[in-house]
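Below is one structure, written out as structure tokens, with a few remarks after it.
There are 2 protein chains.
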Amino acid sequence: MQIGQAAKASGASAKMIRHYESIGLIAPAERRDSNYRDYSSDDVARLQFVRRARDLGFPIDRIRELLALWGDRGRSSAEVKRIALDHVAELEERIAGMRDMVATLHRLADGCAGDGRPDCPIIEGLAGCRASQG
Amino acid sequence: MQIGQAAKASGASAKMIRHYESIGLIAPAERRDSNYRDYSSDDVARLQFVRRARDLGFPIDRIRELLALWGDRGRSSAEVKRIALDHVAELEERIAGMRDMVATLHRLADGCAGDGRPDCPIIEGLAGCRASQG
DNA sequence: CTGGACCTTCCCATCATGGGAGGGTCAAGG
DNA sequence: CCTTGACCCTCCCATGATGGGAAGGTCCAG
């Protein structure tokens, strides 16, 4: 299978597949005489694994670990779970940060008339309680 | 004031201040004979504005618009509010995406024993319901 | 006059991804 | 046989916001 088919089948772009190979996330693909990459269904399964992990927000280095565990018959599910829960904790931290931003923005926006006048608590909030400049 | 003082006073790093200048977010600073940048307290106020907007997650291009509105006596608060609420919507979209990830991860992790055995619904989920590879 | 703390510009790295140039491969059809 | 078009290849550049560091200039205090 050529890279285009592998891309469609896995949901990763051809560009990404080459990239994953170049950074050693996946093993170099077989090559035909034409120098075209050649993918097996096992290769596609690995690419799908990577794509699903990406869809869950795992960074590449974590996916590297997960791929290794996938192929390790002697793995313990505890290792996998730890990686997953660490990632959850990081996601929740980022969510909390963004929620703080949203809360602050709502607080500022609630006091803003949103009409044709220039007076605006949002600008004032950003300016540190000085309403205008220049 | 030199860039180091301006950095401390504004909360933006000297590196960032130069960067903001290089991309035209802020006007080029005055220069002394030594070629050192020279900042006024108004400059610092602008840098603080930028930093606060960054802390609220606004991307640079939005901050560009907000800075323009800050300096525009003829602005309408509706414009500011629209930018802020657009940004809130974007944040909420990202939060929703991450919450979906967290929910999926929790669903997978809940079924995972997290012990010494290799059986792991997390790996299986990523693999598309095929438990092992290699 | 020297040391150290500051400043300058310029380049590189991050992270994951896309875009595009310049060129090779291959199958179908005139 | 040759062209056309759809693939593929590698290599470089860009994103967005930030940090790191090299090589060199400035300035003040000892």
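The listed protein sequences correspond, in order, to chains Y and E. Note that my numbering numbers the first sequence so that position 21 is 21, with each residue one more than the last. Here my numbering runs 134 ahead of the position in the second sequence, where the first position is 1. Cβ coordinates follow ideal geometry from the N, Cα and C atoms, glycine included.
Where residue i sits in the DSSP three-state scheme
{"i": "residue 38/Y", "result": "strand"}
{"i": "residue 133/Y", "result": "Because residue 133/Y sits at a pLDDT of 43, beneath the cut-off of 50, its placement in the model cannot be relied upon, and the following sentence gives the value as read from the coordinates. Here residue 133/Y sits in coil by DSSP."}
{"i": "residue 135/Y", "result": "Outside the modelled stretch of chain Y, which goes from 1 to 134, sits residue 135/Y, for which no answer is possible."}
{"i": "residue 251/E", "result": "coil"}
{"i": "residue 209/E", "result": "coil"}
{"i": "residue 166/E", "result": "coil"}
{"i": "residue 58/Y", "result": "coil"}
Extent of the continuous alpha helix (DSSP H) to which residue i belongs
{"i": "residue 18/Y", "result": "14–22"}
{"i": "residue 255/E", "result": "255–261"}
{"i": "residue 25/Y", "result": "That residue, residue 25/Y, is in no alpha helix (DSSP H); it is neither H nor E in DSSP."}
{"i": "residue 10/Y", "result": "3–10"}
Of the listed residues the options, nearest to residue i (C-alpha basis)
{"i": "residue 250/E", "options": "101/Y, 86/Y and 74/Y", "result": "74/Y"}
{"i": "residue 122/Y", "options": "129/Y, 114/Y, 108/Y and 113/Y", "result": "108/Y"}
{"i": "residue 199/E", "options": "217/E, 191/E and 258/E", "result": "217/E"}
{"i": "residue 248/E", "options": "79/Y, 26/Y and 112/Y", "result": "79/Y"}
{"i": "residue 87/Y", "options": "235/E, 223/E, 210/E and 227/E", "result": "235/E"}
{"i": "residue 27/Y", "options": "44/Y, 97/Y and 90/Y", "result": "44/Y"}
{"i": "residue 91/Y", "options": "104/Y, 125/Y and 55/Y", "result": "55/Y"}
{"i": "residue 156/E", "options": "192/E, 183/E and 171/E", "result": "171/E"}
{"i": "residue 88/E", "options": "254/E, 173/E and 192/E", "result": "Outside the shown range of chain E (135 to 268) lies residue 88/E, about which nothing can therefore be said."}
{"i": "residue 180/E", "options": "154/E, 193/E and 191/E", "result": "154/E"}
{"i": "residue 282/E", "options": "169/E, 237/E and 183/E", "result": "This structure does not reach residue 282/E, given that chain E is present from 135 up to 268, and the question cannot be answered."}
{"i": "residue 191/E", "options": "94/Y, 10/Y and 5/Y", "result": "94/Y"}
{"i": "residue 258/E", "options": "106/Y, 118/Y and 70/Y", "result": "70/Y"}
{"i": "residue 61/Y", "options": "34/Y, 1/Y, 24/Y and 118/Y", "result": "24/Y"}
Cβ-heavy atom distance, residue i to the ligand FAD, below 7 angstroms
{"i": "residue 45/Y", "result": "Only the bare structure without any ligand can be found here, which leaves the ligand FAD out of the picture."}
Give, in chain order, every residue of the region 151–179 of chain E whose Cβ lies closer than 9 angstroms to some Cβ of chain Y. 176 and 179
What are the residues of the region 59–76 of chain Y that lie near chain E, defined by any Cβ-Cβ distance shorter than 8 angstroms? 66, 69, 70, 71, 72, 73, 74, 75 and 76
Chain Y contacts made by the region 222–234 of chain E, where a contact means CB separation under 7 angstroms: 222, 225, 226, 228, 229, 232 and 233
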